[in-house]
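Note that the protein sequences, when read in sequence, are chains A and B.
For the first sequence, the positions run 0 to 733 when numbering that gives the first Met the number 0 is used.
For the second sequence, the positions run 0 to 186 when numbering that gives the first Met the number 0 is used.
Backbone N, C-alpha and C fix where the C-beta goes; we use that ideal spot for every residue, glycine too.
Quick caveat, the model's predicted, so the values are computed rather than measured.
Working notes for the structure below.
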Amino acid sequence: MPIDKQVASQQRIVASRPALARVLYIFQVVRSYSEVHSAAEMKTGKEMLQNVRPPQSGMPAHPTGLPRRLRRICAGLAAGMLTALSAQAATLDDTLPDDLTEMSMEALMDIEITSVAKKPQKKSAAAAAIFVITNDDLRRWGVTSIPEALRRVPGVDVAKIDANKWAITSRGFNSRFANKLLVLIDGRSVYTPLFAGVYWDNQDVVLQDVERIEVIRGPGGTLWGANAVNGVINIITKSATDTQGDMVSVTAGDEVKGIGVARHGGKLKNGIDYRVYAKYSDYDEAYSSTGAHDDWRSGQLGFRSDWMQTDRDSITLQGDYYRGKAGQQVSIASGPAGAPPTTVNQVIDDTETEGGNLLFRWSHMIDKSSGFVLQLYYDHVGLDGKVLYEDRDTFDMDFQHRFQWMDNHDVVWGFDYRFTHDNTDNNQTFELDPSSRSVNLYSTFIQDEISLQDNLRLTLGTKLEHNDFSGFEYQPSIRIAWTITASQTLWGSVSRAVRTPARGEHDVMLRLVPPPAADPGIPVYAEGDDSYDPEVLTAYELGYRLNHNNIWSTDVAVFYNDYDKLRTLDPSVDPGPPATIRFPFDNNMSGETYGLELVSQWQVGPGWRLNASYSWLDMKLHLDSNSNDSMSKSSEDASPSSKAAIWSAFDFGTRLQFDAALRYVGGIEVNGVDIDSYVEADLRLGWEAAPGLEFSIIGQNLLDNHHPEFLPDFINTRPTEVERSIYGRVIWSF
Amino acid sequence: MRISADNLFSGKLAVITAALLLLLCMPVPGKADEAQQTEYRIKTAFLYNFSRFVVWPESAMQERSEFLLCTLGETQFKEQLDTLTGKTVHNKTIVVKRHSQPQEVLDCHLVFIGEQQDLTETLWTLQKQPVLTVSNIAGFTEKGGIIQFKLIENKVRFRINADAANSAGLSVSSKLLSLAIDVTGSR
Chain A
0 MPIDKQVASQ
10 QRIVASRPAL
20 ARVLYIFQVV
30 RSYSEVHSAA
40 EMKTGKEMLQ
50 NVRPPQSGMP
60 AHPTGLPRRL
70 RRICAGLAAG
80 MLTALSAQAA
90 TLDDTLPDDL
100 TEMSMEALMD
110 IEITSVAKKP
120 QKKSAAAAAI
130 FVITNDDLRR
140 WGVTSIPEAL
150 RRVPGVDVAK
160 IDANKWAITS
170 RGFNSRFANK
180 LLVLIDGRSV
190 YTPLFAGVYW
200 DNQDVVLQDV
210 ERIEVIRGPG
220 GTLWGANAVN
230 GVINIITKSA
240 TDTQGDMVSV
250 TAGDEVKGIG
260 VARHGGKLKN
270 GIDYRVYAKY
280 SDYDEAYSST
290 GAHDDWRSGQ
300 LGFRSDWMQT
310 DRDSITLQGD
320 YYRGKAGQQV
330 SIASGPAGAP
340 PTTVNQVIDD
350 TETEGGNLLF
360 RWSHMIDKSS
370 GFVLQLYYDH
380 VGLDGKVLYE
390 DRDTFDMDFQ
400 HRFQWMDNHD
410 VVWGFDYRFT
420 HDNTDNNQTF
430 ELDPSSRSVN
440 LYSTFIQDEI
450 SLQDNLRLTL
460 GTKLEHNDFS
470 GFEYQPSIRI
480 AWTITASQTL
490 WGSVSRAVRT
500 PARGEHDVML
510 RLVPPPAADP
520 GIPVYAEGDD
530 SYDPEVLTAY
540 ELGYRLNHNN
550 IWSTDVAVFY
560 NDYDKLRTLD
570 PSVDPGPPAT
580 IRFPFDNNMS
590 GETYGLELVS
600 QWQVGPGWRL
610 NASYSWLDMK
620 LHLDSNSNDS
630 MSKSSEDASP
640 SSKAAIWSAF
650 DFGTRLQFDA
660 ALRYVGGIEV
670 NGVDIDSYVE
680 ADLRLGWEAA
690 PGLEFSIIGQ
700 NLLDNHHPEF
710 LPDFINTRPT
720 EVERSIYGRV
730 IWSF
Chain B
0 MRISADNLFS
10 GKLAVITAAL
20 LLLLCMPVPG
30 KADEAQQTEY
40 RIKTAFLYNF
50 SRFVVWPESA
60 MQERSEFLLC
70 TLGETQFKEQ
80 LDTLTGKTVH
90 NKTIVVKRHS
100 QPQEVLDCHL
110 VFIGEQQDLT
120 ETLWTLQKQP
130 VLTVSNIAGF
140 TEKGGIIQFK
150 LIENKVRFRI
160 NADAANSAGL
170 SVSSKLLSLA
180 IDVTGSR
């Protein structure tokens, strides 16, 4: 990959798009993260400018007196370098080369100046653990979906349950219904309030049009509110201005049977940039000795238009529509309620999904350090399976205003209103009472980022929200970042986050498959409870970042999370008639998690980058003395205690790329069943045959024919195993 | 309603918080021009690229031994621009000059026009002259200027008036045209 392209992609990452509403915080985090480094570099840059003379003058080129050759190497590397640890690296390498005239115009056009412009006096780093996946990473990792892209992120568990179901979480508590993660696509929240988790198979984007995926581990509750308990995943697509022209991409192989994408980007007479796309994906079934029936396909159409109405106003309108069909085998305990004998049937269920959204966003820049963003969206989710059924409409309005105050305060405040209405189709297994419900969520927040010293920054903030299930909740946080030297930052934070009850936890009646020991004649239910409370987290985090001359960078984060009122299922017997066993949702568990996450990047040479990530996690859950729950505590074993990845991106000249990765995931135990640790390898060979035409061949999970990763809970779908997958891909941009 | 302070703002933490709050009173000296420095470093690099990707008529090149890159009036370019001094374009060494009167820039190959300038007078003076005019001024290309910088989503982009370039006898490379956010006039 030519150096200027790399620079372009790395600069793009830093680009905090002012137009992102709910994402201002992340955006701040990313930006300030990069600032530490860029601010430092900026200084050297300035010194440079004062010291540099025309080459013939023979003056020493650098004030620090580094040998000129070394310096030149550094400059070259800086230019060629990608984000520290890919993503991180992206932000770390925000530094501009000393001589911008050596950059291509394309790269120059990609340099965002806001990141500095908005808060020029700040010289410290983000006080949060953040990892950024760039557009270039997505291409070089050869992934076909968002979940696959998250596999290398430290602190994030990604495990496949079957071909179309994932368990994804950050910092523990993994499950198909993992409920402590907030996922946003262009500012639109995509977790379902039904169980506070994500239907990952429905969250699709054209990966080539993704600008970056930002992953923040730890609570983001102050600015986002509910559900940003253990982390936030923020998927940001490119502006239509940056996707002009046509692109066709075809991916085909054994497991990935086919993915076709066509995108057209253009410009209307009145200056509005737009793109429209269509995508169709067809995935083969995974491995199961008795037949998996979990193949799935989906089709999606969408558009995005961006309009810089004036220098200060930009307007975005975007929307998507999708339909899909995802196979599974599900065990259903049936028979009339309470009437023995209860039978457990395995049925093949093709769940049909349909959904769409429309989002409008207006960003207005008041001056270089202040502005506001107004965002409105409508989102529809439809899911029709033999067990799960959801038909949901959501309307969300969000406003954020940011301004500077007293020279050293950067204040963001805002409010959000969300209305969501669902309809469900009750069946014998899954029932909601009431079957249709509207839920309102109001929230407001304020955050002040204060520069105490040039190198010391304090961030104070709180969010106050009101939800229909638990009333008012507040989520304050305090963060501090200390830029020790130009290349080192130390940060720490204490925050409180709340995972508000999901609709299901209050209203569901879910018929469980009875445990083998139980009398099969007595039906078993997980039962929603109106007194179910939010789960509460107090999180303590500490982090350190080092960026050594853009050649070596490391980012370490440690955390201690203190949870209270975690969800439990305490059995109770309802003598009936008919007699039933019920597990009402309750809050009888507390717990602590400890962890360490580490990422490093080494720019070995101009065309070779090595990355490594490692995460360690320990979970200790404690049932209250009055609890007889025999299930919930087991989630402490459902996340691997350690996980590591190492990957390499190598360029043979400018046309040929070779990427390799090795991933290790420790053993886990899900609901009493052991799943072994595994090591997998991914490879990619890419060839840029002509400008805009790229061929690549990709192998994933190469070391095993198949391996299991996770098991379902609550809804007994048949787990299948991830198979080795090989596919080819052609991307043609014209 | 469930607001409980937990242990977040009590005990030791409260003391620390209070201490930190005290520190708030210490203002930090602003360095508001750093952003502008970056912006103008980028624009400097663009001016250099414009010089490379525009071809001047023989006459303009033969008469002069140096490539004159000028500013007219007050601009926000500071020493960044001087880093171009000594670089070569079209086999000529770049010399940076700062002028205040339109008549003075008739010799220049490229002139960056400051925002305070009277555009009508300046462009009238420079019309049909082989001078590449560049400016930040809104509507610059509509008024007959050749290249206008425009910040889009905080990135530096530019617009080109191809007709104005033609009438100045300049030939703008297709690369430059393809990168412009819009091109007015015939290509």
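Rounded C-alpha distance that separates residue i from residue j
i: Phe-45(B); j: Ala-637(A); result: 54 angstroms
i: Arg-170(A); j: Lys-237(A); result: 29 angstroms
i: Leu-91(A); j: Glu-57(B); result: Because the pLDDT at Leu-91(A) is just 28, under 50, the model does not fix this residue reliably, and the point stays unresolved.
i: Gly-665(A); j: Ile-145(A); result: 22 angstroms
i: Leu-545(A); j: Ala-611(A); result: 15 angstroms
i: Ile-112(B); j: Val-133(B); result: 6 angstroms
i: Arg-566(A); j: Ile-184(A); result: 28 angstroms
i: Glu-38(B); j: Ile-146(B); result: 17 angstroms
i: Ala-77(A); j: Asn-466(A); result: Low confidence applies to Ala-77(A): its pLDDT is 32, below 50, so where it sits in the model is not reliable, and the reading given next is rough at best. Answer to the nearest angstrom: the Cα atoms are 48 angstroms apart.
i: Asp-390(A); j: Asp-421(A); result: 5 angstroms
i: Val-721(A); j: Val-157(A); result: 12 angstroms
i: Trp-481(A); j: Ala-125(A); result: 9 angstroms
i: Leu-655(A); j: Phe-76(B); result: 40 angstroms
i: Ile-132(A); j: Arg-211(A); result: 5 angstroms
i: Gly-671(A); j: Ser-633(A); result: 7 angstroms
i: Asp-673(A); j: Ile-667(A); result: 6 angstroms
i: Thr-191(A); j: Ile-550(A); result: 42 angstroms
i: Ala-163(B); j: Ala-659(A); result: 52 angstroms
i: Leu-431(A); j: Tyr-524(A); result: 12 angstroms
Own chain partners of residue i with C-beta closer than 7 angstroms, once the 5 adjacent residues on each side are dropped
i: Gly-252(A); result: Ser-724, Ile-725, Tyr-726, Gly-727
i: Arg-311(A); result: His-363, Met-364
i: Gln-102(B); result: Thr-124
i: Asp-293(A); result: Asp-161, Ala-162, Asn-163, Glu-284, Ala-285, Gly-326, Gln-327, Thr-719
i: Ala-277(A); result: Ala-261, Leu-300
i: Val-95(B); result: Leu-68, Leu-80, Asp-81, Leu-83, Thr-84
i: Val-205(A); result: Val-260, Arg-262, Tyr-276, Lys-278
i: Ile-714(A); result: Val-329, Val-386, Leu-387
i: His-621(A); result: Met-588, Ser-589, Gly-590
i: Phe-733(A); result: Gly-244, Asp-245, Gly-691
C-beta contact flag for residue i and residue j at 8 angstroms
i: Tyr-559(A); j: Gly-590(A); result: no
i: Leu-71(B); j: Ile-93(B); result: no
i: Ser-50(B); j: Leu-109(B); result: yes
i: Tyr-321(A); j: Gly-354(A); result: yes
i: Ser-695(A); j: Trp-686(A); result: yes
i: Leu-181(A); j: Ala-227(A); result: yes
i: Ser-492(A); j: Glu-534(A); result: no
i: Thr-592(A); j: Ile-521(A); result: no
i: Gln-115(B); j: Gly-143(B); result: no
i: Phe-709(A); j: Val-678(A); result: no
Proximal residues to residue i (C-beta, below 8 angstroms), its chain only, five neighbours per side dropped
i: Ile-180(B); result: Lys-149, Ile-151, Arg-156, Phe-157, Arg-158
Cβ shell of residue i (< 6 angstroms), same chain only, five flanking positions each side left out
i: Phe-402(A); result: Ser-369, Val-410
i: Thr-350(A); result: Ala-325, Gly-384
i: Gln-374(A); result: Ala-20, Gly-186, Arg-360, Asp-397
i: Leu-357(A); result: Gly-318, Tyr-377
i: Tyr-543(A); result: Leu-489, Val-555
i: Pro-53(A); result: Unreliable positioning characterises Pro-53(A) in this predicted model, as indicated by a pLDDT of 32, which lies under 50. A coordinate reading is not provided.
i: Ala-291(A); result: Glu-284, Ala-285, Thr-719
i: Leu-455(A); result: Trp-481
Supposed close pair residue i, residue j - CB separation, criterion 8 angstroms
i: Asp-241(A); j: His-263(A); result: Incorrect: roughly 14 angstroms between the Cβ atoms, too far for contact.
i: Trp-731(A); j: Val-247(A); result: 5 angstroms
i: Arg-303(A); j: Thr-289(A); result: Not a contact, Cβ separation roughly 43 angstroms.
i: Lys-179(A); j: Asn-229(A); result: 4 angstroms
Counting Cβ pairs, one atom from each stretch, are 3 or more of them under 8 angstroms apart for the region 456-476 of chain A and the region 432-446 of chain A?
Yes: at least three Cβ pairs fall under 8 angstroms.
Counting Cβ pairs closer than 8 angstroms, one from the region 212-232 of chain A and one from the region 467-481 of chain A, do we hit at least three?
Yes: the two stretches touch, three or more of their Cβ pairs being nearer than 8 angstroms.
Examine the Cβ distances between the region 594-604 of chain A and the region 575-584 of chain A and report whether three or more of them are shorter than 8 angstroms.
The region 594-604 of chain A is not in contact with the region 575-584 of chain A.
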